[in-house]
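Structure record follows, encoded as structure tokens.
There are 4 protein chains.
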Amino acid sequence: MRFNKVVLFSKPRQPQVARVALEIRAWLESKGAQTTEGEADLAVVLGGDGTLLAAVRSLGERQIPILAINHGGLGFLTEVTLDEMYRAIDRVLAGEFVSDLRMMMDVTVDHDGTRIGSHRALNDAVINKGILARIIELEARVDEQYVSSFRSDGLIISTPTGSTAYNLSAGGPIIHPSMNAMVVTPICSHTLTNRPIVLPADVRISITLKSIQDEVHLTVDGQVGLPLNPGDRVMIERSPVVVQLIAPCDKNYFDVLRGKLKWG
Amino acid sequence: MRFNKVVLFSKPRQPQVARVALEIRAWLESKGAQTTEGEADLAVVLGGDGTLLAAVRSLGERQIPILAINHGGLGFLTEVTLDEMYRAIDRVLAGEFVSDLRMMMDVTVDHDGTRIGSHRALNDAVINKGILARIIELEARVDEQYVSSFRSDGLIISTPTGSTAYNLSAGGPIIHPSMNAMVVTPICSHTLTNRPIVLPADVRISITLKSIQDEVHLTVDGQVGLPLNPGDRVMIERSPVVVQLIAPCDKNYFDVLRGKLKWG
Amino acid sequence: MRFNKVVLFSKPRQPQVARVALEIRAWLESKGAQTTEGEADLAVVLGGDGTLLAAVRSLGERQIPILAINHGGLGFLTEVTLDEMYRAIDRVLAGEFVSDLRMMMDVTVDHDGTRIGSHRALNDAVINKGILARIIELEARVDEQYVSSFRSDGLIISTPTGSTAYNLSAGGPIIHPSMNAMVVTPICSHTLTNRPIVLPADVRISITLKSIQDEVHLTVDGQVGLPLNPGDRVMIERSPVVVQLIAPCDKNYFDVLRGKLKWG
Amino acid sequence: MRFNKVVLFSKPRQPQVARVALEIRAWLESKGAQTTEGEADLAVVLGGDGTLLAAVRSLGERQIPILAINHGGLGFLTEVTLDEMYRAIDRVLAGEFVSDLRMMMDVTVDHDGTRIGSHRALNDAVINKGILARIIELEARVDEQYVSSFRSDGLIISTPTGSTAYNLSAGGPIIHPSMNAMVVTPICSHTLTNRPIVLPADVRISITLKSIQDEVHLTVDGQVGLPLNPGDRVMIERSPVVVQLIAPCDKNYFDVLRGKLKWG
């Protein structure tokens, strides 16, 4: 068998999901796979994109292959449906699967030259103004080259995987997940000519908070919040760690896109 | 003389502005106009659009004519420059001016049928998610007709005057200030087909907060913040009160627009 | 009976539509209504929005009430379905209906002071570059006030009714059909800060073609084409003629919008 | 000397440009460089982006280094100004320059399996409807995977270099010129959820014309027009040929961007 030890992540606080998780656990064990809370060689995720993002964060440096099963959400990432899940698990355990590697970003925050935060993002890093601030000013640099001072509600720095999430709502483009790229998209830019910029993934983006009047936060994959102060610098670069999504067969990326965005 | 008692509003906490304000006060008095903190028949505003919005709020029900002098900002509303100000004051005192009437909106908030807030807006009412919330759900009705459930970062309900402010950054249209209209513009809508909707000003817009997970605020003209709770209902309708902006001569609205938006 | 003479318009060159048209004709006559090619007091339209636009143009100055039945299209205007049509006709003949009045625009073209074209629009007037031209320059004025020189693929001047048609595809807002308004929306503007402008319907918009290098056309309601030459001036103002759409019951405008735009 | 034979391209039909071109020719010869109409090892381009695009097309397979001097346009590509040109030529001839490699696309057209056209693009390939057509339908595939049927005014397939041209006007993102990427951007899409898609440059994009009612054209770099018929298939892939732009010193891409787009 291709995988022996399986760790299961499921959407918390939902009795229905917990019930399905128990069924998956039983099925895995009936197939001879051991479920574990510790070192595993396969992760099974049950939930939506948020659950997957949490599982990826939880796996940290050790990104084992992930089989993601959609439960009740609109996931771009969790393609296997409940109907398909037993067959999908069987095939994956038998080694019949395709891999889809997704780049991640390492997001670090410096204050006066001291590292005050460090996170990994599969989707995006978002720097966002507080509710009462009207506009914040963020200076963006790419490999130390000055790009622009963005006066806006904030900035999204997104991976290709995250391009169909918040980035899309803010007017950013769809980026094919096989690309090594990051996109910087302003949120409600005051300067109307500030538009999304797609960058190669081998640059280092750094964002410095210039304005001083109000609260500003960094969120990473929508799940981690860090307050920022004037002069704080957020640096974003491609992570050496990649996520390996696996599925029993190659779901066409564009099929997923058409379905989610209700094209045609 | 057309006006006798003048109230002066100026941008707070700026020594330079305070100095110019003193000069204006002296000039007004040398011309025989009395400056007052009380009942006045003319308001002179010195600052940017924010100062004007604060002055309008301070005047409340009794909207006397306002001469707005721009100091150091990008104001759409404060068209008279420092260079022009003495001549502008002289002409206005002499009754040589044109008026520009701007509609306002009355914004009220109900919780369980009890009025918990009431504000007047010259620019906009904004319902906005807190930093850590990813998406909020707001149900919009127009004269009790169901419009849509907006899943987004929030909604802007703007007057024509406010259409060139936050509304424009969020993708809304420019609306000529002579119109009786309101525009409902979603902020980073999750549903990509939710687009700005321009409505006649004689309808009543009501927005109900549906989602329950995170903090949501109402801000009016960028200056008043009110936390909203699930079930709270924000109602917006045209105010019987209008703002009367006056200037020594009819500045063409489109000239202002071209200048501010750097057209051509 | 409320209506006695009925003129029927149907989508041309479609045998299926022709068959339904015959059935409608028979039904009308069985009810005692006379169908005619001449003076009528009711029009029944069978087809999509294009068919309705053609019928409106054909009716000219004499806009009798129109009952529009949708056949096979995505019509915003043709709300009655085939299933509902007999009952709808019966109720309309019996005088049980609601009216929805829609403003139109009169579009005229001058060349060297000579009128060279005159059309009426329910949806929009579009000035568009030819395929090989990259950009055209159009100078817009509102009541003789200079607005801007638009460098773009063209301009759409739309009624509220037309706001959900081409205007929406080009980034313009939705405008409630009860409004007296026109919206000027640039098509692929070279100047990124040129944004849709909503104007009161009592102004006169005039557009002058400045560039000289390539073919430019005016189309009205997508159905009339007129080549424009440098110096030609297109004037658009509200028409004294209005369209009266009738339906057996008041279909909520927002219900139609939600359905067509797949909201929620 | 680094370069010996120089071919000069200049904007046609402009006496002023022709005069500057003569001066450049004299200067080159005074420096010992031979100007030629034939085989050359350096190209000097005088004009705007259009002149550069024409020069690149004229050079075909043999893309020698290009020094582009801006004359009177808004060029993103022609960065050296008239003031800087003599010094720029001297330094380039002396071998003191930096290179900026730009990917191109090969654009071919098939009709019933027969090749009917073949072009190379530095900026973009645009498939566009004729003036009177309202909407065309284009089926896009990426490496034979079905992407979507776009109902729109047309499609732009742009290189990173072309991303700041027509693509930007149509709502597409800015793409850093060092990237190997292509972006597919719909023009006035009827389906509001059809958004720009950034793809890796090693795919083959193929676009098939589905609709049959009206004229449709392919233009390449805004300079070549080819009528398309139903069933015609346009294929776009990265060209093995690249353009080598040279300049005496490394102009920061973001400096150019800020200047052209009037940021800040």
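Protein chains in written order, with this note's numbering: chain A, 34 to 297; chain B, 34 to 297; chain C, 34 to 297; chain D, 34 to 297.
Cβ coordinates follow ideal geometry from the N, Cα and C atoms, glycine included.
On a predicted model such as this, the values are computed, not experimentally measured, just so you know.
If you drop the 5 nearest sequence neighbours on each side, which residues of the same chain put their C-beta closer than 7 Å to that of residue 200 (chain B)? By the criterion of a C-beta distance shorter than 7 Å, residue 200 (chain B) is surrounded in its chain by 157, 189, 191, 216 and 218, once the five residues flanking it on both sides are discounted.
Extent of the continuous beta strand (DSSP E) run through residue 113 (chain B): Residue 113 (chain B) -> no beta strand (DSSP E), and no H or E assigned at all.
Quick one: any contact between the stretch 130 to 138 of chain C and the stretch 272 to 291 of chain C, if contact means 3 or more CB pairs under 8 Å? Verdict: yes, contact present.
If we cut at 7 Å on Cβ distances, does residue 294 (chain D) have a partner in chain A? Chain A contact via Cβ: present.
As a quick exercise: from C:264, C:206, C:272 and C:89, pick the residue whose alpha carbon is nearest that of residue 236 (chain C). Among C:264, C:206, C:272 and C:89, the Cα nearest to that of residue 236 (chain C) is on C:272.
Taking buried to mean at least 16 other C-beta atoms within 10 Å of its own C-beta, is residue 252 (chain A) buried or exposed? With 16 or more other Cβ atoms within 10 Å, it is buried.
Where the stretch 249 to 270 of chain D meets chain C: residues whose CB sits under 7 Å from a CB there: So the close ones are 250, 252, 255 and 258.
Those runs of the beta strand (DSSP E) which lie wholly inside the stretch 84 to 148 of chain A and span at least 3 residues: Entirely contained in the stretch 84 to 148 of chain A, the beta strand (DSSP E) runs reaching 3 residues are, in chain order, 99 to 103 and 131 to 144.
Using a beta-carbon distance below 7 Å, is residue 285 (chain B) in contact with chain C? Under the Cβ criterion of 7 Å, residue 285 (chain B) is counted among the residues facing chain C.
Please compile the residues from chain B whose C-beta is within a distance smaller than 7 Å of the C-beta of residue 147 (chain D). Listed along chain B, no residue sits closer than 7 Å to residue 147 (chain D) by beta-carbon distance, the nearest being about 39 Å off.
Quick one: is residue 152 (chain B) near chain A, going by C-beta distance under 7 Å? With 7 Å as the cut-off, residue 152 (chain B) does not count as an interface residue toward chain A.
Whole-angstrom distance between residue 233 (chain D) and residue 214 (chain A), CA atom to CA atom: Approximately 10 Å, taken between the alpha carbons.
Should residue 231 (chain A) be labelled buried (16 or more other beta-carbon atoms within 10 Å of its own) or exposed? Answer is buried; the Cβ neighbour count reaches 16.
Run down chain C in chain order and give the residues with a C-beta less than 7 Å from the C-beta of residue 279 (chain D). Under the 7 Å cutoff, chain C gives no residues; its nearest Cβ is about 27 Å from residue 279 (chain D).
What residues from the stretch 163 to 187 of chain B come within 8 Å of chain A, judged by C-beta to C-beta, listed N to C? Here the close residues are 163, 164, 165, 167, 185 and 186.
Go through its chain and collect everything with a Cβ distance to residue 159 (chain B)'s Cβ below 6 Å, but skip five positions before and after it. Excluding positions up to five away in sequence, the list reads 189 and 252.
Could you confirm whether any beta carbon from chain B is found closer than 7 Å to the beta carbon of residue 69 (chain D)? The beta-carbon of residue 69 (chain D) is placed no less than 7 Å from the nearest beta-carbon of chain B.
Counting along the chain, where does the beta strand (DSSP E) carrying residue 204 (chain C) start and finish? First-last for residue 204 (chain C): undefined, no H or E at that position.
Decide yes or no for the touch test of the stretch 73 to 91 of chain C against the stretch 99 to 110 of chain C: beta carbon pairs closer than 8 Å, at least 3 of them. Under the three-pair Cβ rule at 8 Å, the stretch 73 to 91 of chain C counts as touching the stretch 99 to 110 of chain C.
For chain B, is any of its Cβ atoms less than 7 Å away from the one on residue 191 (chain A)? With respect to chain B, the C-beta atom of residue 191 (chain A) has no partner C-beta closer than 7 Å.
Compare the C-beta of residue 103 (chain D) against all C-beta atoms of chain C and say whether one is closer than 7 Å. Answer no: the Cβ-Cβ gap between residue 103 (chain D) and chain C never drops below 7 Å.
Given residue 292 (chain D) as reference, the closest of A:227, A:59 and A:194 once Cα atoms are compared: Residue A:227 holds the alpha-carbon nearest to the alpha-carbon of residue 292 (chain D) among A:227, A:59 and A:194.
Are the CB atoms of residue 178 (chain A) and residue 109 (chain D) within a distance shorter than 7 Å? Between residue 109 (chain D) and residue 178 (chain A), the gap from beta carbon to beta carbon reaches 7 Å or more.
Nearest-angstrom beta carbon gap, residue 40 (chain B) and residue 73 (chain B) [assumed within contact, 8 Å]: Indeed they touch by this definition, with Cβ atoms about 4 Å apart.
Looking at the C-beta of residue 144 (chain C), does it have a partner C-beta in chain D at a distance below 7 Å? Residue-level contact check: residue 144 (chain C) does not touch chain D, since none of the beta carbons of chain D fall below 7 Å from its beta carbon.
Is the Cβ-Cβ distance between residue 115 (chain A) and residue 64 (chain A) less than 7 Å? Contact annotation: residue 115 (chain A) and residue 64 (chain A) have beta-carbon atoms that are not nearer than 7 Å.
Tell me which residues of the stretch 210 to 242 of chain B have at least one Cβ-Cβ distance to chain D shorter than 8 Å, keeping chain order. Listed in sequence order: 225, 226 and 228.
Cβ distance (whole Å) where residue 164 (chain D) is taken to contact residue 205 (chain C) below 8 Å: The beta carbons of residue 164 (chain D) and residue 205 (chain C) sit about 19 Å from each other, so the pair does not count as a contact at 8 Å.
Under 6 Å from any heavy atom of the ligand NAP, does the C-beta of residue 248 (chain A) make it? As for the ligand NAP, it is missing from this structure, which has no ligand bound.
Compute the beta-carbon to beta-carbon distance between residue 43 (chain A) and residue 84 (chain A), rounded to the nearest angstrom, for a pair I have assumed lies under 8 Å. Here residue 43 (chain A) really is in contact with residue 84 (chain A); their C-beta atoms are around 7 Å apart, less than 8 Å.
Chain A within 7 Å of residue 202 (chain B), Cβ atoms only: Proximity of residue 202 (chain B) to chain A, defined by a Cβ-Cβ separation below 7 Å, is satisfied.
In whole angstroms, give me the CA-to-CA distance for residue 59 (chain D) and residue 52 (chain D). So the two alpha carbons sit approximately 11 Å from each other.
Assign residue 173 (chain B) to one of three DSSP states: helix, strand, or coil. Residue 173 (chain B) falls in the strand class under three-state DSSP.
Chain C contact residues for residue 156 (chain D), given Cβ-Cβ distances below 9 Å: Residues of chain C passing the Cβ test: none, with the nearest at roughly 11 Å.
Within this structure, are the beta carbons of residue 135 (chain A) and residue 239 (chain A) separated by less than 7 Å? Residue 239 (chain A) sits away from residue 135 (chain A), with the two beta carbons spaced by 7 Å or more.
What in chain D is Cβ-close to residue 208 (chain A), meaning under 7 Å? Simply 231.
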